[in-house]
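A short write-up of the structure that comes next.
Protein chains: 2
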Amino acid sequence: MSKLVIVGTVAFDAIETPFGKTDKILGGAATYIGLSASNFDNVNAAAVSVVGGDFPQEYLDLLTDRNINIEGIEIVKDGKTFFWSGKYHNDMNSRDTLATELNVLEHFTPVVPESYKDADIVMLGNLHPLTQQSVLDQMSKKPKLAILDTMNFWMDIAMDDLKAVLKNVDVITINDEEARQLSGEYSLVNAAKKIHEMGPQYVVIKKGEHGALLFNEGNMFYAPALPLAEVFDPTGAGDTFAGGFSGYIAKTGNISFENMKNAVIYGSALASFCVEKFGTERMLTLTDEEIFERLQQFKDLTQFEIELK
Amino acid sequence: MSKLVIVGTVAFDAIETPFGKTDKILGGAATYIGLSASNFDNVNAAAVSVVGGDFPQEYLDLLTDRNINIEGIEIVKDGKTFFWSGKYHNDMNSRDTLATELNVLEHFTPVVPESYKDADIVMLGNLHPLTQQSVLDQMSKKPKLAILDTMNFWMDIAMDDLKAVLKNVDVITINDEEARQLSGEYSLVNAAKKIHEMGPQYVVIKKGEHGALLFNEGNMFYAPALPLAEVFDPTGAGDTFAGGFSGYIAKTGNISFENMKNAVIYGSALASFCVEKFGTERMLTLTDEEIFERLQQFKDLTQFEIELK
Numbered sequence: 001m002s003k004l005v006i007v008g009t010v011a012f013d014a015i016e017t018p019f020g021k022t023d024k025i026l027g028g029a030a031t032y033i034g035l036s037a038s039n040f041d042n043v044n045a046a047a048v049s050v051v052g053g054d055f056p057q058e059y060l061d062l063l064t065d066r067n068i069n070i071e072g073i074e075i076v077k078d079g080k081t082f083f084w085s086g087k088y089h090n091d092m093n094s095r096d097t098l099a100t101e102l103n104v105l106e107h108f109t110p111v112v113p114e115s116y117k118d119a120d121i122v123m124l125g126n127l128h129p130l131t132q133q134s135v136l137d138q139m140s141k142k143p144k145l146a147i148l149d150t151m152n153f154w155m156d157i158a159m160d161d162l163k164a165v166l167k168n169v170d171v172i173t174i175n176d177e178e179a180r181q182l183s184g185e186y187s188l189v190n191a192a193k194k195i196h197e198m199g200p201q202y203v204v205i206k207k208g209e210h211g212a213l214l215f216n217e218g219n220m221f222y223a224p225a226l227p228l229a230e231v232f233d234p235t236g237a238g239d240t241f242a243g244g245f246s247g248y249i250a251k252t253g254n255i256s257f258e259n260m261k262n263a264v265i266y267g268s269a270l271a272s273f274c275v276e277k278f279g280t281e282r283m284l285t286l287t288d289e290e291i292f293e294r295l296q297q298f299k300d301l302t303q304f305e306i307e308l309k
Numbered sequence: 310m311s312k313l314v315i316v317g318t319v320a321f322d323a324i325e326t327p328f329g330k331t332d333k334i335l336g337g338a339a340t341y342i343g344l345s346a347s348n349f350d351n352v353n354a355a356a357v358s359v360v361g362g363d364f365p366q367e368y369l370d371l372l373t374d375r376n377i378n379i380e381g382i383e384i385v386k387d388g389k390t391f392f393w394s395g396k397y398h399n400d401m402n403s404r405d406t407l408a409t410e411l412n413v414l415e416h417f418t419p420v421v422p423e424s425y426k427d428a429d430i431v432m433l434g435n436l437h438p439l440t441q442q443s444v445l446d447q448m449s450k451k452p453k454l455a456i457l458d459t460m461n462f463w464m465d466i467a468m469d470d471l472k473a474v475l476k477n478v479d480v481i482t483i484n485d486e487e488a489r490q491l492s493g494e495y496s497l498v499n500a501a502k503k504i505h506e507m508g509p510q511y512v513v514i515k516k517g518e519h520g521a522l523l524f525n526e527g528n529m530f531y532a533p534a535l536p537l538a539e540v541f542d543p544t545g546a547g548d549t550f551a552g553g554f555s556g557y558i559a560k561t562g563n564i565s566f567e568n569m570k571n572a573v574i575y576g577s578a579l580a581s582f583c584v585e586k587f588g589t590e591r592m593l594t595l596t597d598e599e600i601f602e603r604l605q606q607f608k609d610l611t612q613f614e615i616e617l618k
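So the sequence lines, in the order shown, correspond to chains V and H.
Here the first sequence is numbered in this note's numbering, starting from 1 and rising by one per residue.
Here the second sequence is numbered in this note's numbering, starting from 310 and rising by one per residue.
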């Protein structure tokens, strides 16, 4: 059994897409990462987060039912849960944020459960870099792999803190625009090179419908996104990718470049399910068989046999 | 020996990129397609086009030196060669057209050389759909594979003619925005489906730095573009792709979906060289060894080994 610590938001989302809109539903980075990682046997995942007294027991049960340890989810009885609301444009690649209510997140101090302080894999979901660092500081030994997700918002308001925590992680997952902002380089090859120099040995650049790139010093790997007839709701796709990536690494315990390719493919495959329905809906009905079928689709999509003289 | 007929422009280009600018240099779709296809042994390629009296013998020699038959390149002694000039923006993904002088192209009637009327493979470069159709009409037998490249311009001014010629081709190569315009569908999966219904059994959607997708009824294949530290000049990349695609099919004579995957990879590999220098410069120094090395890079970039239970 391998331990995976996940830190990130557990939240309410209200989502509007060209296909419809939702009331407040279950959301948050740690939720998506956890649900995605729960698809791997032999992984004990723990979510570290905070919610308010308004957060339904039913949602917490949904996590524990999937074998996600929630000891590290603090419940602030008289507080309100973090709430995000957004509206996607017709192309599904851009969105407007309609509301961001930090609520209990504003004073969140993550506490890693005692029994998870020796976890092999740490997945730092998109939060303030100081919060991410404080999770690393609580670990009793250096994790085998620390993975960090972040966004442009932290680059705008806390670049120094971000650069400090980057020195202490092995993998960063980031989208293409953010990679350009972080590095000041337009070419993703050059951007990855600069980001390597900031700390992470592995740089994963997420390009949405255009797939994901994995860089490690001289090596590159390109995982496509599965071309889909319909993207219903992109919310959580990036976190689901991170959950698949970190969950697969936790399951296999192998941090070679070759195995990390597989982790990127797993992340992409799981993310391709996430967008098929609103919010976490699709992830809750996912079967192993469906996942293996989809991995086979990724093989068919990318594998070719050219004889090289 | 397999015969490949290429129709398209042979032209002068003047190009400006963030890296510099050129005077009038050799350009044109048939030029790039021909140079790219000339990398395949056992392929006899013929270019069908038109130039003016101002076109240097040196450029024609450059084509014949690479075993490209130029009988079908009409020389209008008192006419001027087609001229295009463009300026790329900093992101290299968009450009402004500074000048388009049709000149001899305005009254161009393609003539397929007698000895090429039985060619197996016909590559219809980006020209008026009626010009493309007239090449098909001159063939003495139905080609094994007819490939058509086009652009949004023809959709705007000659959609009916384009739809007519589409009924007579097997493969269309088109970029993502053009696929959306032609089909009225945003999702590329749905766009490919609609375009299938217009005629072509195979739909190749070029996504520039994001690679290319090959669709054939239920099958999909995704070839990445090689992530490059620097794109020097994107001019001709799409035509170089088409030349690699059609040249590989001509060489192998195999039009199965599996082999067409390889053709897409060859097209992508050759296009990745084209953008490394201005105009045709890089294509003129390309060696077999470099091509095989690059194909190996494409394998490394995409191949993975997940054991599926």
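Ideal Cβ placement from N, Cα and C applies to all residues, glycine included.
All of these numbers come straight from a predicted model, not from anything done at the bench.
**OP:** Express the C-alpha separation of H/Ala-578 and H/Lys-426 in angstroms, rounding to a whole number.
**Re:** Here the C-alpha atom of H/Lys-426 lies approximately 30 angstroms from the C-alpha atom of H/Ala-578.
**OP:** Please decide whether V/Val-189 counts as near chain H, where near means a Cβ-Cβ distance under 7 angstroms.
**Re:** Chain H contact via Cβ: present.
Original post:
Is H/Pro-509 near the ligand NAP, with its Cβ less than 6 angstroms from a heavy atom?
Top reply: The model depicted lacks the ligand NAP and carries no ligand whatsoever.
**OP:** Measuring only between beta-carbons, confirm whether V/Gln-229 sits less than 7 angstroms from chain H.
**Re:** Correcting the residue type first, residue 229 of chain V is Ala in the shown sequence and not Gln. Taking a beta-carbon distance threshold of 7 angstroms, V/Ala-229 counts as an interface residue toward chain H.
Original post:
Between the region 343-350 of chain H and the region 395-406 of chain H, do three or more beta carbon pairs fall short of 8 angstroms?
Top reply: Between the region 343-350 of chain H and the region 395-406 of chain H there are fewer than three inter-stretch CB-CB distances shorter than 8 angstroms, so the stretches are not counted as touching.
**OP:** Take V/Lys-24 and list the residues in its own chain whose beta-carbon comes closer than 8 angstroms to its own, dropping the five residues that flank it on each side.
**Re:** Excluding residues within five positions, the ones whose Cβ falls inside 8 angstroms are Phe-12, Asp-13, Ala-14, Phe-83.
Original post:
Among residues of its own chain, excluding the 5 on either side of V/Glu-130, which ones have a beta-carbon nearer than 7 angstroms to its beta-carbon?
Top reply: The displayed chain sequence assigns Leu, not Glu, to residue 130 of chain V. Excluding positions up to five away in sequence, the list reads Asp-161.
Original post:
Leaving out five residues before and five after H/Gly-337 in sequence, what residues of the same chain have Cβ atoms less than 6 angstroms from its Cβ?
Top reply: Correct list, in chain order: Thr-318, Val-319, Ala-320.
Subject >> Buried versus exposed, by CB contacts within 10 Å (16 or more), V/Lys-261 >> reply: Its Cβ being crowded by 16 or more others within 10 Å, V/Lys-261 is buried.
Original post:
What residue does the beta strand (DSSP E) around H/Tyr-341 start on, and which one ends it?
Top reply: Here H/Tyr-341 belongs to no beta strand (DSSP E); instead the alpha helix (DSSP H) covers 338-346.
**OP:** Using a Cβ cut-off of 7 angstroms, pull out every chain H residue sitting near V/Thr-302, in sequence order please.
**Re:** The contacting residues are Tyr-531, Thr-611.
Subject >> Boundaries (first-last residue) of the beta strand (DSSP E) holding H/Asp-374 >> reply: In the DSSP assignment, H/Asp-374 falls outside any beta strand (DSSP E) and within the unbroken alpha helix (DSSP H) covering 366-374.
Original post:
With 16 as the cutoff for other CB atoms within 10 Å, does H/Pro-365 come out buried or exposed?
Top reply: Around the CB of H/Pro-365, fewer than 16 other CB atoms lie within 10 Å, so the residue is classed as exposed.
**OP:** Would you mind giving the Cβ-Cβ distance between H/Val-421 and H/Gly-556, rounded to the nearest angstrom? I have them listed as a contact below 8 angstroms.
**Re:** No, H/Val-421 and H/Gly-556 are not in contact; Cβ-Cβ is about 18 angstroms, not under 8 angstroms.
**OP:** Report the neighbours of V/Asn-311 on chain H: residues whose CB is nearer than 8 angstroms to its CB, in chain order.
**Re:** Nothing can be reported for residue 311 of chain V: it is not among the residues displayed for chain V, which extend from 1 to 309.
Subject >> Beta carbon proximity, V/His-210 to chain H, threshold 7 angstroms >> reply: So, interface residue.
Subject >> Strand pairing of H/Phe-607, partner residues [DSSP] >> reply: Looking at the DSSP assignment, H/Phe-607 forms no beta bridge with any residue, so it has no partner.
**OP:** Report the rounded CA-to-CA distance for H/Ile-379 versus H/Glu-567, giving the unit in angstroms.
**Re:** Cα to Cα, the separation comes out at about 32 angstroms.
Original post:
Hey, would you say V/Ala-99 sits closer than 7 angstroms to V/Lys-3, going by beta carbons?
Top reply: Cβ distance not < 7 angstroms, so V/Ala-99 and V/Lys-3 don't count as in contact.
**OP:** Could you pull the start and end residues of the alpha helix (DSSP H) that H/Met-507 belongs to?
**Re:** Under the DSSP assignment, H/Met-507 falls in the alpha helix (DSSP H) whose first and last residues are 497-507.
Original post:
Going along the chain, which residues of its own chain have a beta-carbon closer than 6 angstroms to the beta-carbon of V/Ile-147, five neighbours each way excluded?
Top reply: Cβ neighbours of V/Ile-147 within its own chain (closer than 6 angstroms, five residues either side excluded): Met-123, Val-171, Ser-246.
**OP:** Answer yes or no: does any C-beta atom of chain V fall closer than 7 angstroms to that of H/Ile-369?
**Re:** The residue asked about is misnamed: residue 369 of chain H is Leu in this sequence, not Ile. At a cut-off of 7 angstroms between beta carbons, H/Leu-369 makes no contact with chain V.
Original post:
Would H/Ile-466 be called buried (16 or more neighbouring beta carbons within 10 Å of its own) or exposed?
Top reply: So H/Ile-466 ends up on the exposed side.
Subject >> Strand pairing of V/Ala-212, partner residues [DSSP] >> reply: Bridge partners of V/Ala-212: V/Lys-206, V/Ala-223.
**OP:** Select from the region 370-383 of chain H all residues with a C-beta closer than 8 angstroms to any C-beta belonging to chain V, and list them in chain order.
**Re:** Those residues of the region 370-383 of chain H that come within reach of chain V (Cβ to Cβ, closer than 8 angstroms) do not exist; the list is empty.
Original post:
Is the region 501-516 of chain H close to the region 233-247 of chain V, with three or more CB pairs under 8 angstroms?
Top reply: No, the region 501-516 of chain H does not touch the region 233-247 of chain V.
**OP:** Tell me, please, whether the region 218-228 of chain V touches the region 173-186 of chain V by the rule of three or more beta-carbon pairs shorter than 8 angstroms.
**Re:** No, the region 218-228 of chain V is not in contact with the region 173-186 of chain V.
Original post:
How many Å lie between H/Gly-588 and H/Ala-521 at the Cα?
Top reply: Going from the Cα of H/Gly-588 to the Cα of H/Ala-521 covers about 21 angstroms.
Subject >> Given H/Gly-361 as reference, the closest of H/Ile-574, H/Leu-414, H/Glu-585, H/Ile-615 once Cα atoms are compared >> reply: Comparing Cα-Cα distances from H/Gly-361 to each of H/Ile-574, H/Leu-414, H/Glu-585, H/Ile-615, the minimum goes to H/Leu-414.
Subject >> Three-way DSSP call (helix, strand, coil) for H/Leu-335 in this model >> reply: In the structure shown, the three-state DSSP call for H/Leu-335 is strand.
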